[in-house]
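Step one of this worksheet: look at the structure below.
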Amino acid sequence: MRVRAKLPDEVQIPPEIEPYCRQRFITAGKEYEVHAISVRLRDPPMVLFQIIDDLLSPSWLPHILFEIVDRSCAPDWCCNVLEEEGRAKRFLLGPEFIVKDIDSYNAMVEHEADQVDLF
Numbered sequence: 017m018r019v020r021a022k023l024p025d026e027v028q029i030p031p032e033i034e035p036y037c038r039q040r041f042i043t044a045g046k047e048y049e050v051h052a053i054s055v056r057l058r059d060p061p062m063v064l065f066q067i068i069d070d071l072l073s074p075s076w077l078p079h080i081l082f083e084i085v086d087r088s089c090a091p092d093w094c095c096n097v098l099e100e101e102g103r104a105k106r107f108l109l110g111p112e113f114i115v116k117d118i119d120s121y122n123a124m125v126e127h128e129a130d131q132v133d134l135f
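The numbering of the sequence shown is the working numbering, which starts it at 17 and goes up by one.
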């Protein structure tokens, strides 16, 4: 899957998502490969794309910052639903080493060295 970063005047960021958009190292108009997708189902609900940003670091950024240019998914992607107290909290789509469980996902979010090396 590939996305293109939107130009600033193309983005109207809802206030509840704005905090997740503050620190972003992407270039408007540039295309990025999506390496995983995380759908947060509440507080606030949002879709995050994992890309390699302009600092060459794995970043999770709200979908609102991008337009999709290629909808195809990598053949090794799988999905998972992460639950908390019997309720779906997050839907993940991506490589097994990211989506297999909450610990794997959190390790990638926190940039733990072993997990990032798998990337």
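Note that beta-carbon positions come from the ideal geometry of N, C-alpha and C, so glycine has one too.
Beta carbon of residue i nearer than 8 Å to that of residue j
i	j	result
phenylalanine 41	phenylalanine 65	no
proline 78	tyrosine 36	yes
proline 24	alanine 44	yes
isoleucine 29	tyrosine 48	no
cysteine 95	phenylalanine 113	no
isoleucine 33	proline 60	yes
Endpoints, the beta strand (DSSP E) within which residue i is located
i	result
isoleucine 2	There is simply no residue 2 to check, as the chain begins at 17 and stops at 135 in what is shown.
isoleucine 33	No beta strand (DSSP E) contains isoleucine 33, which DSSP labels as neither H nor E.
aspartate 117	Element bounds for aspartate 117: n/a, residue is neither H nor E.
Assigned exposure category for residue i - 16 Cβ within 10 Å defines buried
i	result
isoleucine 84	exposed
alanine 52	buried
leucine 71	exposed
Sheet register partners of residue i (DSSP bridge)
i	result
valine 55	Val63, Phe107
alanine 21	Phe82
Endpoints, the alpha helix (DSSP H) within which residue i is located
i	result
glutamate 100	That residue, glutamate 100, is in no alpha helix (DSSP H); its beta strand (DSSP E) goes 93-100.
Whole-Å CB distance - residue i paired with residue j, under 8 Å assumed
i	j	result
methionine 17	valine 55	About 14 Å; that fails the 8 Å criterion.
tryptophan 76	valine 115	Incorrect: roughly 13 Å between the Cβ atoms, too far for contact.
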